[in-house]
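For the sequence shown, the working numbering gives the first residue as 66, with consecutive numbering after it.
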Amino acid sequence: MTAVHPADAHDVIRVRGARENNLRDISLDLPKRRLTVFTGVSGSGKSSLVFSTIAAESQRMINETYSAFLQGFMPSLARPDVDELQGLTTAIIVDQERMGANVRSTVGTVTDADAHLRTLFATLAQPHVGGPGAYSFNVPSVTASGAMTVQKGASTIAEKTTFSRVGGMCPRCEGMGEISDVDLAELFDEDKSLDEGPFTIPNYAPGGWYVKVFARSGFFPSDRPIRTFTTRQRHDFLYKEPTKVDIDGTKMTYEGLIPKIRKSMLSKDRDAMQPHIRAFVDRAVKFVVCPDCEGSRLAEHARTSRIDGLSIADATALQITELAAWVESLRTAHHGPTVAPLLTNLSAPLDAFVRIGLGYLSLNRPSGTLSGGESQRTRMIRHLGSALTDVTYVFDEPTIGLHPHDIATMNSLLEDLRDKGNTVLVVEHKPETIAIADHIVDLGPRAGADGGTVQYEGDLPGLRASGTLTGEHLDRRVRLKPTVREATGVLPIRGAATHNLQSVDVDVPLGVLTVVTGVAGSGKSTLVHSSMPKDAGAIVVDQTAIRGSRRSNPATYTGLLDPLRKAFAAANGVKPALFSNNSEGACPVCKGAGVIVTELGFMETVETLCEECEGRRFRADVLEHTFGGRNIAEVLGMSVTAARELLTAERSSVPAAARVLGHLEEVGLGYLTIGQPLTTLSGGERQRLKLATHLGDTGGLYVLDEPTAGLHLADVDQLLALLDRLVDSGKSVIVIEHHQAVMAHADHLIDLGPGAGAVGGRIVFQGTPAQLVADGSTLTGEHLRQYVRA
């Protein structure tokens, strides 16, 4: 690559004085139309620089080009804390956030592959049933009447007309693929009257507005037990269609209890529900496959319209590699200027799926079931064929969830985006991706307050010789263990056939470190999470996101805040509630948020530091109370390590809090500020925070899903030491992992494959890492051999 002179402002993104989060007044020039990889330990400031500064400012400036009216409907973006940013281009962020689990969203709908497939069926399928909408499970069939005026000669007359639209939605399940069966006993107590508050539904408290509408609707008596209602009254109570009623002089819409609950709760994304509502739904509702469409979501006309014997439901259920082959076969069977472009348009996203390593998916796979790595790669699909150039693409560890065999493919995709004339910025830990960078920026030296500075800028040979933590660990390898632990028992799995598993029988050893390996889509997660006996009592630490608002932090999430508040209260002779910024101790001006949010109508929302508490979130009188010489705001502003030292001091021992802080240090989060909002944590930090909350559990079996996600090479050693401590203390540990260092350190390996999807789902190897290296017949064995011999 031709060197870029940093003085040429047209060829660099110029950053001056970046101070977002823990960045310490960083200044640097990033070459444009090149591939730059950002390295450093988790928490060193990589995401703060790339996402919170460069990408955030690009998006904010684009938003400012819209009219003030439109900006009023867009999310408010604050200007990053940076002195100067020059040379920015449009930023497209492709991160690890899981796709929203909207019940109507599938792999096909989020990539537009479904749209091309529907157009193909509308053109070729027989019998012909209508346009593309006739094959969409999100489009209902509509018939409506209206009147139109028609000029006939000198007369104008009104004619009645009927408008109809044929959609593909199954009328029984409304395109959901399943129907819900509600247990009435979980909704109300039949022995109580409406006046007595019979409901056991969240937000249906006695005296509440929902209950008042029912009690005063006039369709049934409110002072008699529900079980005494007549057949008509019971029907109106449970199923009555929306009807206008007068409640205390106000016109309201009354609707039966069951349709009301279906609309307000059951149609919502389950993962987005508040915990108490989700618990109610899980308790009161049973979901079963729709008997009419058999789970396809489609109306009968869409299910019976076919191309060469295949319906659109059949097509979307195929593995994408199989669907791509079927589409290719249509090229020889159907010729003509109309069909050829349709096949080309559909082949493009399908081929991209295969190329990006997701050919094992199917288009009907719910998008909410994709892992973070799968979600990120699925988002890449729409960019691979894009005609846009001179765009800044920002990636957050794109190799997460990838087997070493697939990393080379991902690297070629990143290089393709660069070679089209785009700037590619990648936050990454994997040496294989660092190796293809045109430019490397290493941040550190450590994390949190000990990070936030540029340790190195340049090429790969320079990084190796730099003496930084990343440079030192770049070529370091974990060697195979000379001896492995002996199993103390087995966990039998028999006939596992969920998803792509091929009736798998396997004995998972207990009392050792077992690592489950295989390419993405081979069936690892399905085997461990879906096939393990329910009575195994496993403590599962997976990749599901931690939900929390700006008010949530490590102290609240881990339960650390409770003993901390009690310690402050005992030391000062006051109530514990005073030391909660969400309760009595909150600053009266900002309500404990630390900032004032000002809504300016259709203009951008402004967030400013609260002048009353200066961002400390507590009342002034609360901050006069101290513990160990620090007030509550000062303690919440301390790192995990500093807080543990304070709380274990002889005069101020708080064992429960110190124990939690110790667990956080064990997982490598000693640098984290205990009052830091969860929304500011990286993916790797959230994963390890979750693990820390389970270290004190009494269970004997731990299941970890890619615990190296987001970990720097130097941090992997600490993770391996933690896994050893768990096993040596008598625990059994099962890890789903791609990282060769974890494979090499295992006592036992279970390798699935040989490929993904339909060509996976089988045990291709069981044994020790040394045996796998000696065998070398699987993809995992091949890459582990290369790793340990490098």
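The beta-carbon is built from N, C-alpha and C at its ideal position, and this holds for glycine as well.
From a predicted model like this one, the values you see are computed outputs, not experimental measurements.
DSSP on residue i, reduced to helix/strand/coil?
i: T386; result: helix
i: A344; result: helix
i: Y767; result: strand
i: Y200; result: helix
i: R695; result: strand
i: D840; result: helix
i: M139; result: coil
i: P271; result: coil
i: T174; result: helix
i: I312; result: strand
i: D524; result: coil
i: P574; result: strand
i: E679; result: coil
i: V456; result: coil
i: F644; result: helix
i: Y622; result: helix
i: Y319; result: strand
i: F418; result: helix
i: M234; result: strand
i: E493; result: coil
At the level of alpha carbons, what is the spacing between residue i and residue j?
i: A382; j: G360; result: 11 Å
i: A757; j: P496; result: 27 Å
i: A835; j: G554; result: 21 Å
i: V907; j: L817; result: In this structure the chain extends from 66 to 855, so residue 907 is not present and cannot be described.
i: V459; j: T498; result: 14 Å
i: P653; j: R682; result: 9 Å
i: I372; j: G198; result: 17 Å
i: E522; j: A685; result: 45 Å
i: F692; j: L743; result: 25 Å
i: P904; j: L556; result: Not covered by the structure: residue 904. The range shown for the chain is 66 to 855.
i: P205; j: D357; result: 15 Å
i: N637; j: K351; result: 51 Å
i: R327; j: A270; result: 18 Å
Taking the alpha carbon of residue i as the reference point, which residue from the options has its own alpha carbon closest?
i: P267; options: G841, A835, Q339 and K485; result: Q339
i: Q151; options: V168, M139 and A120; result: A120
i: G516; options: I91, G82 and H75; result: I91
i: A389; options: T403, P402 and L423; result: L423
i: M330; options: I342, Y319, P547 and P356; result: I342
i: T856; options: D507, N647 and P402; result: This structure gives no information on residue 856, because the portion of the chain shown stretches from 66 to 855.
i: L785; options: H759, E731, K755 and F830; result: E731
i: H448; options: D481, R850, A811 and V543; result: D481
i: I801; options: L844, A585, E710 and A698; result: A585
i: M597; options: H468, F116, A714 and V768; result: V768
i: C655; options: F644, G680 and K640; result: G680
i: L746; options: S117, K97 and R98; result: S117
What does the Cβ neighbour count give for residue i, buried or exposed, with the cut at 16 atoms within 10 Å?
i: P236; result: exposed
i: H470; result: buried
i: H813; result: buried
i: T176; result: buried
i: L249; result: exposed
i: A280; result: buried
i: F134; result: exposed
i: S332; result: exposed
i: F253; result: buried
i: M139; result: exposed
i: S648; result: exposed
i: I127; result: exposed
i: D600; result: exposed
i: H70; result: Since pLDDT at H70 reaches only 45, below the 50 mark, its modelled position is unreliable, and the value read off the structure follows with that caveat. By the 10 Å Cβ count, H70 comes out exposed.
i: L453; result: exposed
i: Q216; result: Caution applies to Q216, whose pLDDT of 48 falls short of 50 and renders its modelled position unreliable; the value that the coordinates give is listed next. Looking at its Cβ environment, which holds fewer than 16 other Cβ atoms inside 10 Å, Q216 is exposed.
i: R483; result: buried
i: T296; result: exposed
Three-pair Cβ contact test at 8 Å for the stretch 356-371 versus the stretch 191-200
yes
Decide if the stretch 576-584 is in contact with the stretch 789-804; the criterion is three or more beta carbon pairs, one per stretch, under 8 Å apart.
yes
Between the stretch 460-479 and the stretch 167-184, can you find at least three pairs of beta-carbon atoms closer than 8 Å?
no
Determine, using beta-carbon pairs with one atom in the stretch 154-165 and one in the stretch 428-440, whether at least three such pairs fall under 8 Å.
yes
Please determine if the stretch 732-741 and the stretch 502-518 are in contact, where contact requires at least 3 C-beta pairs separated by less than 8 Å.
yes
Touching or not, the stretch 624-633 and the stretch 717-730, by the rule of three or more beta carbon pairs under 8 Å?
yes
Whether or not the stretch 307-324 and the stretch 290-297 are in contact is what I'm after, with contact meaning three or more pairs of Cβ atoms, one per stretch, closer than 8 Å; do they touch?
no
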